[in-house]
Amino acid sequence: MIPFHVLADQAWQYELIEELKKSLPFTLSEDGLPVEVKHQGIGIQVTKKDNVRQITVGDKNQLARAWYLMLRNESLNEYDIKEQCSFGDLGVMLDCSRNAVMKLPTLLEYIRQLAIFGYHSLQLYTEDTIRIEEEPYFGYMRGAYTKEEIKKVDAYCAKFGIELVPCVQTLAHINQITRYERYQDIIDVNDIFLVGNEKTYQLIERIISTASECFTSRRINIGMDEAHMLGLGKYLDQNGYQNRFTIMVEHLKRVQEILHRYGFTAMMWSDMFFRLLANGEYYSLKEEQLKSDLLQHVPKDIELVYWDYYSRDYHHYEQNLVTHFRISDRIGFAAGAWKWTGFAPENSFSQVAGKEAMKACVEKGVNTFLVTCWGDNGAEASALSVLPTLFYYAELAYQYESLVDKEFTKEKDYSEYFKVATGISFAEFMLLDSPNEVFAETTYTHSNACKFLLYNDVLIGTFDSIVKSETRIAYEDKKNQLAAVAKAGTRYSYLFQTLSSLCSLLEEKADLGVEIKNAYDKKDFDRLREIAESKIPEVLKRLDQFIRDFRYQWHKENKSFGFEIQLIRLGGLKERLYYAKEQILLWTEGDIERIDELEEERLPFAYFEQEDGSRLNYNLWNVIVSPAVMG
Numbered sequence: 001m002i003p004f005h006v007l008a009d010q011a012w013q014y015e016l017i018e019e020l021k022k023s024l025p026f027t028l029s030e031d032g033l034p035v036e037v038k039h040q041g042i043g044i045q046v047t048k049k050d051n052v053r054q055i056t057v058g059d060k061n062q063l064a065r066a067w068y069l070m071l072r073n074e075s076l077n078e079y080d081i082k083e084q085c086s087f088g089d090l091g092v093m094l095d096c097s098r099n100a101v102m103k104l105p106t107l108l109e110y111i112r113q114l115a116i117f118g119y120h121s122l123q124l125y126t127e128d129t130i131r132i133e134e135e136p137y138f139g140y141m142r143g144a145y146t147k148e149e150i151k152k153v154d155a156y157c158a159k160f161g162i163e164l165v166p167c168v169q170t171l172a173h174i175n176q177i178t179r180y181e182r183y184q185d186i187i188d189v190n191d192i193f194l195v196g197n198e199k200t201y202q203l204i205e206r207i208i209s210t211a212s213e214c215f216t217s218r219r220i221n222i223g224m225d226e227a228h229m230l231g232l233g234k235y236l237d238q239n240g241y242q243n244r245f246t247i248m249v250e251h252l253k254r255v256q257e258i259l260h261r262y263g264f265t266a267m268m269w270s271d272m273f274f275r276l277l278a279n280g281e282y283y284s285l286k287e288e289q290l291k292s293d294l295l296q297h298v299p300k301d302i303e304l305v306y307w308d309y310y311s312r313d314y315h316h317y318e319q320n321l322v323t324h325f326r327i328s329d330r331i332g333f334a335a336g337a338w339k340w341t342g343f344a345p346e347n348s349f350s351q352v353a354g355k356e357a358m359k360a361c362v363e364k365g366v367n368t369f370l371v372t373c374w375g376d377n378g379a380e381a382s383a384l385s386v387l388p389t390l391f392y393y394a395e396l397a398y399q400y401e402s403l404v405d406k407e408f409t410k411e412k413d414y415s416e417y418f419k420v421a422t423g424i425s426f427a428e429f430m431l432l433d434s435p436n437e438v439f440a441e442t443t444y445t446h447s448n449a450c451k452f453l454l455y456n457d458v459l460i461g462t463f464d465s466i467v468k469s470e471t472r473i474a475y476e477d478k479k480n481q482l483a484a485v486a487k488a489g490t491r492y493s494y495l496f497q498t499l500s501s502l503c504s505l506l507e508e509k510a511d512l513g514v515e516i517k518n519a520y521d522k523k524d525f526d527r528l529r530e531i532a533e534s535k536i537p538e539v540l541k542r543l544d545q546f547i548r549d550f551r552y553q554w555h556k557e558n559k560s561f562g563f564e565i566q567l568i569r570l571g572g573l574k575e576r577l578y579y580a581k582e583q584i585l586l587w588t589e590g591d592i593e594r595i596d597e598l599e600e601e602r603l604p605f606a607y608f609e610q611e612d613g614s615r616l617n618y619n620l621w622n623v624i625v626s627p628a629v630m631g
């Protein structure tokens, strides 16, 4: 590693660069190559001429990226790099509420990585995963962060000039606390707060008070998305039917009163203002609906965040931004780093969709660009698995004019730039997508195959009609590619080991149900015995290896809480495999007359209209495993 000697004018610059040694390949020494660091002007400028290096940054949160720019260009004899982010706030939102609550050491590493890429802010999405005094069941057995933990994270973010922003829920998505009797009075229906109940605002104030104490930022994301049944449960029983837009606005006013007492300015997801006017739709508000007098009541001092992770069409984003700006002039945008549909990420799809979104945001002058990293249905995928997408968004934001019309991540230079930050090239890191790429070459078309094929029951076979003859070969190839990266021994090798084990399992398991059904229909007893005595035991062996690797990954990154759900699911899969083996052997020996599940005529997959694995993204474990009632 190259040694450098820092010549800085402020103490924080030395401290920040010292922290970067934990993630970037360099050392510091008195006789190292001199680097002059200045805090002045606007934006980033990094120069090298006649072996003299100089870094100039306008803001504290630019120094880590500036140092990274210097390192990744060190092989050049000279350079003069100037950058200015296209957004006033380039941020990331990390979901800490879907079972994976990141351990502090991993979270601090994550923050360093964000700083290196050039992000300005980090939002921790905590529905109930932050401890609140006087609310012992809030976050109970969920791995909730303590006040002390949040304060440590906040202080660490401050080292890099990153703003740690609380991201909470003040209307819906509070489902985990609905199980407790003490909260029954404040639930309208499903996971929605009962608007107008004073106990509701007592809890909301405790949430906001805790955020005020733990976070130095005076910005807060108050959520309020997807409250589809607002006013239609207990509220309806108590008040009769009321205009639901009015209910929303009245509730928001009460929440704002609390926010003002603690000096917060707020942002919130924008969808409910649209859904309540457009029969539940978010992305298709019509002209006559835009003229509604109700829109005049949308607060002007709250930033509305338009979230959209799905489209690859620039005009779709552009039109929706235009609509948003007709409602308010304070509009932010939230894109997605798809890590919420199973064990493997969808970086390719994230980048293709995100590029079009960013183009529209730059064109329309959006100030806040937020990258969401949700963890739906159990947060199986590592938060670090989407580092390629976080890198992609940052590079595009800082070098928009020069990169917007290029597929720059396919260029060798950028692949190696990523390696400087992570120890693994961009092209290699993108292999983490590959467990989902068995029906198409990339996930541009959006599939989470590795999850629905893993949990596809071998006797019921809901997804068997999607399995292709080449699926086994595809998983064998991906297993080997991922294993090769895992053997390199970098700090992220374990991610590749986990998914290599998953591909190894799916190599044997993906078409197992198809084989069983074919042999059963043909009454091929020899083949069925071979499956029961050889193939199923091999699948079980590989399943055990995957569980071991996945367990290591989870506990390296996250608190233990939430992993019980993964063990229950994978343990259920294991028991079904044992059961299938026993049933097959009993039938081949004539001890049972039939295997009920295999007697049923197979129907093509029909949970969605199209039977196309390359476009199928089906994420609900309880629906994947069986058509039977679960809970």
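Under full-length UniProt numbering, residues 1 to 631 are what the sequence shown spells out, in order.
We put the beta carbon where it would ideally sit given N, CA and C, even for glycine.
Note that the structure is predicted; figures quoted are calculated from it, not measured.
Would you list the residues sitting across from I192 in a DSSP beta bridge? Along the sequence shown, one-based indexing puts residue 192 at 192. Per DSSP, V189.
Can you grab the Cα-Cα spacing for the pair H324 / L505, in whole Å? Residue mapping note: residue 324 aligns to position 324 of the sequence shown, counting from 1. Residue mapping note: residue 505 aligns to position 505 of the sequence shown, counting from 1. Using only the alpha carbons, I get a separation of about 46 Å.
Do the region 410-423 and the region 467-486 make contact, defined as three or more Cβ pairs closer than 8 Å? no
Selection from V458, C503 and A484 that minimises the alpha carbon distance to D596: As a working note, residue 596 is residue 596 in the sequence shown. The residue with the shortest Cα to Cα distance from D596 is V458.
Provide the residue(s) that pair with Q54 in DSSP beta bridges, ordered along the chain. Here the question's residue 54 lines up with position 54 in the sequence shown. Q54 is bridged to E36 and T47.
Rounded to whole angstroms, what is the Cα-Cα separation between C503 and N480? By 1-based counting over the sequence shown, the position of residue 503 is 503. By 1-based counting over the sequence shown, the position of residue 480 is 480. Cα to Cα, C503 sits roughly 9 Å from N480.
Whole alpha helix (DSSP H) runs in the region 213-265 with 4 or more residues, listed along the chain? 234-239 and 244-261
Return the chain-ordered list of same chain residues with a C-beta closer than 8 Å to the C-beta of A483, the five sequence neighbours on each side being excluded. On the sequence shown, residue 483 is found 483 positions in, with the first residue counted as 1. For A483, where only same-chain residues beyond five positions count, the Cβ hits under 8 Å are F496, Q497 and S500.
Closest to D237 by CA distance: which of L252, L194 and H260 is it? One-based indexing of the sequence shown puts residue 237 at position 237. Taking only the C-alpha atoms, the option nearest D237 is L194.
How many angstroms separate the CA atom of S350 from the CA atom of G118? Your numbering for residue 350 matches position 350 in the sequence shown. Your numbering for residue 118 matches position 118 in the sequence shown. Cα to Cα, the separation comes out at about 19 Å.
Provide the residue span of the beta strand (DSSP E) that contains D89, from first to last. Taking the sequence shown and counting its residues from 1, one reaches residue 89 at position 89. Where D89 is concerned, the enclosing beta strand (DSSP E) stretches over D89 to D95.
Tell me the rounded alpha-carbon separation between E395 and D185. Residue mapping note: residue 395 aligns to position 395 of the sequence shown, counting from 1. Residue mapping note: residue 185 aligns to position 185 of the sequence shown, counting from 1. Whole-angstrom Cα-Cα distance: 48 Å.
Are the beta-carbon atoms belonging to Y400 and V362 less than 8 Å from one another? Position 400 of the sequence shown, counted from the first residue, corresponds to residue 400. Position 362 of the sequence shown, counted from the first residue, corresponds to residue 362. In contact: Y400 and V362 (Cβ atoms closer than 8 Å).
Beta-carbon contacts of L540 that lie in its chain and below 6 Å, excluding the five residues immediately before and after: Position 540 of the sequence shown, counted from the first residue, corresponds to residue 540. Here the set comprises L577.
Beta strand (DSSP E) runs contained entirely in the region 71-159, provided each spans 3 or more residues: 79-83, 89-95 and 121-125
When the Cα atoms are used, what is the spatial distance from I44 to I536? Counting from 1 along the sequence shown, the entry for residue 44 is found at position 44. Counting from 1 along the sequence shown, the entry for residue 536 is found at position 536. Each residue's Cα considered, the two are about 58 Å apart.
Continuous beta strand (DSSP E) stretch holding Y306: start and end: In the sequence shown, the residue the question calls residue 306 occupies position 306. From DSSP, the beta strand (DSSP E) with Y306 extends over E303 to W307.
If you follow the alpha helix (DSSP H) that G631 is part of, which residue opens it and which one closes it? Here residue 631 refers to the residue found at position 631 when the sequence shown is read from its first residue. No alpha helix (DSSP H) holds G631; DSSP gives it neither H nor E.
Check G332 in the structure and name its three-state DSSP category. Within the sequence shown, the letter at position 332 stands for residue 332. Strand.
Determine the extent of the beta strand (DSSP E) in which H297 is found, giving its start and end residues. Counting from one through the sequence shown, the residue named residue 297 turns up at place 297. Counting along the chain, H297 falls outside any beta strand (DSSP E), and DSSP gives it neither H nor E.
Quick one: what does DSSP say T498 is sitting in, helix, strand or coil? Here residue 498 refers to the residue found at position 498 of the sequence shown. Here T498 sits in helix by DSSP.
Following the continuous alpha helix (DSSP H) through I565, name the residue where it begins and the one where it ends. Position 565 of the sequence shown, counted from the first residue, corresponds to residue 565. Per DSSP, I565 belongs to the alpha helix (DSSP H) from F563 to T588.
Helix, strand or coil, according to DSSP, for E163 in the structure here? Taking the first residue of the sequence shown as 1, we reach residue 163 at position 163. Looking at E163 - three-state DSSP - the assignment turns out to be strand.
Report yes if the CB atom of R131 is closer than 8 Å to the CB atom of G139, and no otherwise. As a working note, residue 131 is residue 131 in the sequence shown. As a working note, residue 139 is residue 139 in the sequence shown. Yes, these two residues count as a Cβ contact at 8 Å.
According to the Cβ coordinates, are G223 and V165 closer than 8 Å? If you number the sequence shown from 1, residue 223 lands on position 223. If you number the sequence shown from 1, residue 165 lands on position 165. Cβ distance not < 8 Å, so G223 and V165 don't count as in contact.
Can you list, in chain order, the residues of its chain whose CB lies under 8 Å from that of L104, leaving out five sequence neighbours each side? As a working note, residue 104 is residue 104 in the sequence shown. Answer for L104: E149, K152 and V153, listed in chain order.
Helix, strand or coil for N622, going by three-state DSSP, please let me know. Against the sequence shown, residue 622 aligns to sequence position 622. Helix.
Within the same chain, show all residues whose beta-carbon is closer than 7 Å to that of P299, passing over the 5 residues directly before and after it, in chain order. In the sequence shown, residue 299 corresponds to position 299, counting from 1. The residues are L252 and Q256.
Coil, strand or helix - W269 by DSSP: If you number the sequence shown from 1, residue 269 lands on position 269. In the structure shown, W269 sits in a strand (DSSP, three-state: E or B).
Alpha carbons only, please: which of K509, Q289 and D89 is nearest the one belonging to A532? Mapped onto the sequence shown, residue 532 falls at position 532. Comparing Cα-Cα distances from A532 to each of K509, Q289 and D89, the minimum goes to K509.
Pairwise C-alpha distance: V52 and T368: Locating residue 368 in the sequence shown gives position 368, counting from the first residue. Locating residue 52 in the sequence shown gives position 52, counting from the first residue. Answer to the nearest angstrom: the Cα atoms are 36 Å apart.
Give me the Cβ distance between A278 and G342, rounded to the nearest whole Å; I'm assuming they're in contact under 8 Å. Along the sequence shown, one-based indexing puts residue 278 at 278. Along the sequence shown, one-based indexing puts residue 342 at 342. The pair is not a contact, with the Cβ atoms about 31 Å apart (cut-off 8 Å).
Leaving aside the five residues before and after K199 along the sequence, list all residues of the same chain whose C-beta is less than 7 Å from its C-beta, in chain order. Here residue 199 refers to the residue found at position 199 of the sequence shown. D185 and I186.
Bounding residues of the beta strand (DSSP E) (the contiguous stretch that carries V467): Position 467 of the sequence shown, counted from the first residue, corresponds to residue 467. That residue, V467, is in no beta strand (DSSP E); it is neither H nor E in DSSP.
In angstroms with no decimal places, state the Cα-to-Cα distance between I302 and I192. Position 302 of the sequence shown holds residue 302. Position 192 of the sequence shown holds residue 192. Spanning the two alpha carbons is a distance of roughly 21 Å.
Cβ distance (whole Å) where E476 is taken to contact E507 below 8 Å: Reading the sequence shown from its first residue, position 476 is the one you call residue 476. Reading the sequence shown from its first residue, position 507 is the one you call residue 507. Sure, about 5 Å apart at Cβ, within 8 Å.
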